[in-house]
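Scroll down for the structure; my scribbles are underneath it.
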Amino acid sequence: MIKIELTKRQEQIIEIVKNKGPITGENIADLLDLTRATLRPDLAILTMIGYLEARPRVGYYFTGKTNDTQILEKIKKLSVEDFQSIPVVVDRNSSVYDAVCAMFLEDVGTLFVVDQNSVLVGVLSRKDLLRASIGSKDLQTLPVDIIMTRMPNITICYKEDSIFEVAKSLIEKQIDAVPVVRESPNGLEVVGRFTKTNFTRALVDIVQNKLY
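Numbering (the UniProt record's numbering), first residue to last: 1 to 212.
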């Protein structure tokens with residue numbers, strides 16, 4: 001599908017029709033302080049590509065379509081910091097039993113394992129805990145350090161990262177969440193988490209015109 005970039009004037013026309021439609025071409029021209037002849041090509045283009053429709057003796061009205069190119073660019077500019085959640089962490093010396101309890105009490109699918117300095121050392125998923133639970137080992141004495149995924153095999157992100165790029169990583173790696181980290185003297189400190197739900201919330205906000 002070909003993406004068409006709108007001019008500033010065409011965007012202004014769409015906003016006018018959104019707010020005041022149905023509205024005649026003459027009235028749109030008056031609001032923009034333009035002649036009807038000057039405005040005619042823009043109206044023709046917007047009607048042709050489906051943003052506007054025209055009815056005889058009624059005027060132009062907005063079809064409900066938006067510029068998906070602009071929406072995509074808006075998504076790419078949104079950062080993790082705007083949508084990240086509070087991280088759910090467990091100490092690396094915690095037992096698998098404690099981790100299972102934390103996961104269910106916090107209602108999350110991923111736990112981040114940290115040391116005494118809040119530095120990321122591992123990640124625990126539902127699959128990790130389920131796999132450990134199926135075995136015959138005592139979960140109250142089995143440390144999470146044994147079953148967690150360790151660095152450097154952990155996908156991470158920073159608060160400045162684009163939510164679009166992080167969402168792509170979630171899909172490509174088939175994971176539910178990534179830790180948001182920042183550099184510290186001791187290593188990568190966990191400061192948040194970004195999940196598929198966080199990305200979905202951003203899309204909903206855009207559709208509801210909260211961000212777009």
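From the three backbone atoms N, C-alpha and C, an ideal C-beta is built for every residue, glycine too.
Please read these numbers as outputs of a predicted model, since none were measured by experiment.
According to the DSSP secondary-structure assignment, I23 is paired through a beta bridge with Y60. If you look at P179, you'll find it in the beta strand (DSSP E) that goes 177–184. Cα atoms of V88 and K137: separation of roughly 25 Å, rounded to the nearest angstrom. For the options F199, G21, G187, the alpha carbon positioned closest to that of Y60 is the one of G21. Taking a cut-off of 8 Å on C-beta distances, the region 43–54 does not touch the region 115–124, as fewer than three cross pairs fall below it.
In this structure, DSSP gives R9 a helical state, which the three-state scheme calls helix.
Less than 7 Å divides the Cβ of Q84 from the Cβ of G192. At a Cβ-Cβ threshold of 7 Å, A202 and L105 do not count as neighbours. Cβ contact annotation for I147 (same chain, cutoff 6 Å, sequence separation greater than five): D128, A132, in chain order.
S133 sits in a helix when the DSSP states are folded into three classes. Residue pairing by DSSP puts S85 in a beta bridge opposite R193. Counting of Cβ neighbours within 10 angstroms places V204 among the exposed residues, the total staying below 16. Cβ-Cβ distances below 8 Å link Q12 to L32 in the same chain, with the five nearest sequence neighbours on each side left out; the list follows chain order.
By the beta-carbon neighbour count (other beta carbons within 10 angstroms, threshold 16), N198 is buried. One Cα belongs to T7, the other to R57, and the distance between them is close to 27 Å. About 19 Å separates the Cβ atoms of Y51 and T38, ruling out a contact at the 8 Å cut-off. Residue range 36–48 is occupied by the alpha helix (DSSP H) that includes L46. Pairing V17 with V96 gives a Cβ-Cβ distance that is not under 7 Å. Rounded to the nearest whole angstrom, the CA to CA distance from T149 to D91 is 14 Å.
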